[in-house]
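Asks: Quick one: the structure is below, and I'll ask about it shortly.
Residue numbers (our numbering): 565 to 1055.
In structure tokens form, the structure reads like this:
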């Protein structure tokens, strides 16, 4: 069972139970990964890094994801239709669809179109609670989720056990913040990202903002190998005197954005291609296209294996991120809060002392007389001390609250659902029942450290298990298979 927080919502419990059933049926190899996420959730709930309606398991897509991004009229939809063998997506020279479309397998012969809410409300899909993120960058637009998303289902064998995401034509100069936010979201979640560019527009320098968002932001990522850069409709260059110049201009444009290494593919669709009169040139274009298309299709076919490695790898990455980044950052904010409170206490004490001394001076009372009277009347002494302490304590907690509010403004907001929430953890560690002299955040100690170490070790063991399944360096499995196939000499 999932280690739910006491206040975990019924909705989250139901979603995680369905997720467990899905993983058990679709990919049992990831059961251990799901167990590791349970342990991470337990650490996060104790620290306040997750709210009761969130789970780290919901920050990733458990189905393999292939995202297809690109500029207007770059042939994305034509490529998808050819890949799945059905005319599912509308095609044309202009922007024919202004929504993100999630394409997945369905049993019905007739394709269906489902609204965006089908994605926003189901934790098994990549856009779960995306409306919250849209609302953060564009107030009011989170309610219009159906204007941004849709889902299409068809019974194409190519897309079983995976999802394809088609994006609207990209133009960063005119994109709304909500579209850019969704684009960043699917890039983060995807196992493979195909970036399409249109060879019919040979002046890439005129679309610098688009290149900035689609290319410059990807080359420095740790998962940069999941991006394939594709120059589509290259057949239109066959009529040029020197078609290599078009490819060269795009390669130079991408190199200016940092893409100096990596594969650059050139393809076109045979059914939509222009006539190439020169047979030698036609054969050369076809040969290059076939080689590149095969490599692209091979990567798309292997996406399920990559997804398993990526899910397991994200466990170790998230554990180390909490231990090596979140905790030190949270401690820094708590230290700043602690210093503010202590300075505030000093100021309050100074004001008390100054006020008391001023009152004595104004009344002309001798200090020794006051000490003598307090010594003689213990009741007055106790009442006065209690009243003074109560006022001081009230001011102390007022100072704690004010200092926490000041520091809170400097803490970045949560990036997305299921991400570690520094603000929530800081709020948990500055509650009224927590001493300012406690050095560690709430829920963080030797027990949590050991638990994270165990989770990291488990992730490494899961990687070894995946390696055992997909690799055989010693050839032992092949030898065993050969021995099993040998006839029995005693028979």
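Don't be surprised by glycine CBs; every beta carbon is placed ideally from N, CA and C.
#1: Tell me which residues share the same chain as residue 835 and place their Cβ nearer than 8 Å to its Cβ, disregarding the 5 neighbours each side in the sequence.
#2: Quick one: any contact between the segment 625 to 634 and the segment 675 to 684, if contact means 3 or more CB pairs under 8 Å?
#3: For a quick check, are the C-beta atoms of residue 1059 and residue 594 less than 8 Å apart?
#4: Once the 5 residues before and after residue 689 are set aside, which same chain residues still bring their CB inside 6 Å of it?
#5: Any chance the segment 880 to 897 sits against the segment 848 to 860, with 3 or more Cβ pairs inside 8 Å?
#6: Where does the unbroken alpha helix (DSSP H) through residue 1019 begin, and where does it stop?
#7: According to DSSP, is residue 647 helix, strand or coil?
#8: Look up residue 797 in the DSSP assignment and say whether it is helix, strand or coil.
#9: Going by the beta-carbon positions, is the gap between residue 665 and residue 730 smaller than 8 Å?
#10: Any chance the CB of residue 724 is under 7 Å from a heavy atom of the ligand COA?
#11: Checking 8 Å against the spacing of the C-beta atoms, do residue 1023 and residue 869 come in under that value?
#12: For residue 753, which of 808, 629, 642 has the nearest alpha-carbon?
#13: With distances taken between CB atoms, is the gap from residue 531 to residue 801 smaller than 8 Å?
#14: Would you list the one or two residues that DSSP bridges to residue 757?
#15: Give the C-beta separation of residue 863 and residue 756 to the nearest angstrom, bearing in mind that I take them to be a contact with Cβ-Cβ under 8 Å.
#16: Could you tell me which of 583, 588, 599, 638 sits nearest to residue 625, measuring between CA atoms?
#17: Please report the distance separating the alpha-carbon of residue 922 from that of residue 941.
#18: Looking at the structure shown, is residue 737 part of a helix, part of a strand, or coil, going by DSSP?
#19: Is the CB-CB distance between residue 894 and residue 976 below 8 Å?
#20: Going by CA-CA distance only, name the one from 644, 985, 1002, 1021 that's closest to residue 1069.
#21: Just mark residue 786 as buried or exposed, buried being the case when its beta carbon has 16 or more other beta carbons within 10 Å.
#22: Tell me, to the nearest whole angstrom, how far the beta carbon of residue 1016 is from that of residue 886; I am working on the premise that it is less than 8 Å.
#23: Is it right to say residue 652 is buried, meaning 16 or more other beta carbons lie within 10 angstroms of its own, or is it exposed?
#24: Please report the straight-line C-alpha distance between residue 601 and residue 718, rounded to a whole angstrom.
#25: Please report the distance separating the alpha-carbon of residue 696 from that of residue 796.
#26: Between which two residues does the beta strand (DSSP E) containing residue 714 stretch?
#27: Please list, in chain order, all residues of the same chain as residue 770 whose beta carbon is under 8 Å from its beta carbon, the five residues on each side excluded.
#28: Would you list the residues sitting across from residue 762 in a DSSP beta bridge?
Replies: For this structure:
#1: Along the chain shown, one-based indexing puts residue 835 at 271. Hits under 8 Å: 646.
#2: no
#3: The structure shown does not extend to residue 1059, since the chain spans only 565 to 1055, so no value can be given for it.
#4: Here residue 689 refers to the residue found at position 125 when the chain shown is read from its first residue. The residues are 683.
#5: no
#6: If you number the chain shown from 1, residue 1019 lands on position 455. Where residue 1019 is concerned, the enclosing alpha helix (DSSP H) stretches over 1010 to 1034.
#7: Translated into the one-based positions of the chain shown, residue 647 becomes position 83. Residue state, collapsed to three classes: helix.
#8: For the purposes of this step, residue 797 is taken as residue 233 along the chain shown, with counting starting at 1. Of the three classes helix, strand and coil, the one that applies to residue 797 here is coil, per DSSP.
#9: Against the chain shown, residue 665 aligns to sequence position 101. Against the chain shown, residue 730 aligns to sequence position 166. Yes; because the gap between Cβ atoms is below 8 Å, this pair is in contact.
#10: Questions concerning the ligand COA fall outside what the structure shown contains, since it holds no ligand whatsoever.
#11: For the purposes of this step, residue 1023 is taken as the residue at position 459 of the chain shown. For the purposes of this step, residue 869 is taken as the residue at position 305 of the chain shown. For residue 1023 and residue 869, no; Cβs fall outside 8 Å.
#12: The residue labelled residue 753 in the question sits at position 189 within the chain shown. For the residues 808, 629, 642, the minimum Cα distance to residue 753 belongs to 629.
#13: Not covered by the structure: residue 531. The range shown for the chain is 565 to 1055.
#14: As a working mapping, residue 757 is identified with position 193 in the chain shown. Per DSSP, 631, 791.
#15: For the purposes of this step, residue 863 is taken as the residue at position 299 of the chain shown. For the purposes of this step, residue 756 is taken as the residue at position 192 of the chain shown. Rounded, the Cβ-Cβ distance is 6 Å, consistent with contact.
#16: On the chain shown, position 61 is the one that residue 625 refers to. Of the listed residues, the one whose Cα sits closest to residue 625 is 583.
#17: By 1-based counting over the chain shown, the position of residue 922 is 358. By 1-based counting over the chain shown, the position of residue 941 is 377. Cα to Cα, residue 922 sits roughly 23 Å from residue 941.
#18: Here residue 737 corresponds to residue number 173 of the chain shown, with the count starting at 1. Caution is warranted here: a pLDDT of 48 is assigned to residue 737, below 50, making its placement in the model unreliable, and the coordinate value is therefore given only provisionally. Residue 737 falls in the coil class under three-state DSSP.
#19: In the chain shown, counting from the first residue as 1, residue 894 sits at position 330. In the chain shown, counting from the first residue as 1, residue 976 sits at position 412. No, they are not a contact pair.
#20: The structure shown has nothing for residue 1069, since the chain only spans 565 to 1055.
#21: For the purposes of this step, residue 786 is taken as the residue at position 222 of the chain shown. So residue 786 counts as exposed.
#22: As a working note, residue 1016 is residue 452 in the chain shown. As a working note, residue 886 is residue 322 in the chain shown. With a Cβ gap of about 7 Å, residue 1016 and residue 886 count as contacting.
#23: Your numbering for residue 652 matches position 88 in the chain shown. Answer is buried; the Cβ neighbour count reaches 16.
#24: If you number the chain shown from 1, residue 601 lands on position 37. If you number the chain shown from 1, residue 718 lands on position 154. C-alpha separation (whole angstroms): 32 Å.
#25: Counting from one through the chain shown, the residue named residue 696 turns up at place 132. Counting from one through the chain shown, the residue named residue 796 turns up at place 232. Computed Cα separation, rounded: 35 Å.
#26: Position 150 of the chain shown, counting from 1, holds the residue named residue 714. Run containing residue 714: 713 to 718, per the beta strand (DSSP E) assignment.
#27: Taking the first residue of the chain shown as position 1, residue 770 is located at position 206. The predicted position of residue 770 is uncertain, since its pLDDT is 48 and thus under 50; no value can be drawn from it.
#28: Along the chain shown, one-based indexing puts residue 762 at 198. Beta-bridge pairing links residue 762 to 796.
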